[in-house]
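Q:
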Amino acid sequence: MLIAVILALATGTYGFRVAGVLLRDRLELPEWSRHLLPVAAAALLAALAATAALTEAGGFAGYARPAGVLVGLVLAWRRAPFVLIVVAAAGTTALLRLLGVA
């Protein structure tokens with residue numbers, strides 16, 4: 855069953871990619887939609903990141919995980935090295951959980 859789902863998703867993904875290449879010259883998008891697509895992609899990515907950072911099993915994940923994500927965001931904004939960002943975010947989350955913050 856799992857293999858069938860993986861194959862179906864892979865086929866759908868490949869189909870979308872091929873359709874984009876094949877229909878690029880045939881489909882003319884309005885100017886406003888060409889400007890909106892990159893913004894929509896960024897909004898979708900931000901919504902996915904917020905959902906992953908704030909929820910767990912359909913409920914609020916607690917305060918430790920969002921605090922770790924916030925530390926990571928601040929360090930990324932300050933252009934810190936990637937390894938430092940990951941270690942600081944994970945360390946903040948772990949330390950808060952160790953202190954009993956949910």
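Residues in the sequence shown are numbered from 855 upward in steps of one, following this note's numbering.
Glycine residues also receive a C-beta, built at the ideal position from the N, C-alpha and C atoms.
Note that the coordinates shown come from a computational prediction; the quantities given were computed from them, not determined experimentally.
In terms of residues, what are the limits of the alpha helix (DSSP H) holding R951?
A: One-based indexing of the sequence shown puts residue 951 at position 97. Looking at the DSSP string, the run of the alpha helix (DSSP H) that includes R951 is 936–952.
Q: Taking C-alpha atoms, which residue in T946, L949, G926 lies nearest to I939?
A: As a working mapping, residue 939 is identified with position 85 in the sequence shown. Of T946, L949, G926, the residue nearest in Cα terms is G926.
Q: Would you mind stating whether L950 and A911 have Cβ atoms separated by less than 8 angstroms?
A: As a first step, residue 950 is located in the sequence shown; it is residue number 96 there, counting from the start. As a first step, residue 911 is located in the sequence shown; it is residue number 57 there, counting from the start. Cβ atoms of L950 and A911: not closer than 8 angstroms.
Q: Identify, in the order they occur along the chain, each residue of the same chain with its Cβ nearer than 7 angstroms to the Cβ of T946, setting aside the five sequence neighbours on each side.
A: As a position in the sequence shown, residue 946 is number 92, starting the count at 1. Correct list, in chain order: A921, G922, V925.
Q: With a 10 Å radius around its C-beta and 16 neighbouring C-beta atoms as the bar for buried, classify R919 as buried or exposed.
A: Taking the sequence shown and counting its residues from 1, the one referred to as residue 919 is at position 65. Looking at its Cβ environment, which holds 16 or more other Cβ atoms inside 10 Å, R919 is buried.
Q: Rounded to whole angstroms, what's the CA-CA distance from P935 to A903? Just pull it up for me.
A: What you label residue 935 is simply residue 81 of the sequence shown in a count that begins at 1. What you label residue 903 is simply residue 49 of the sequence shown in a count that begins at 1. Each residue's Cα considered, the two are about 20 angstroms apart.
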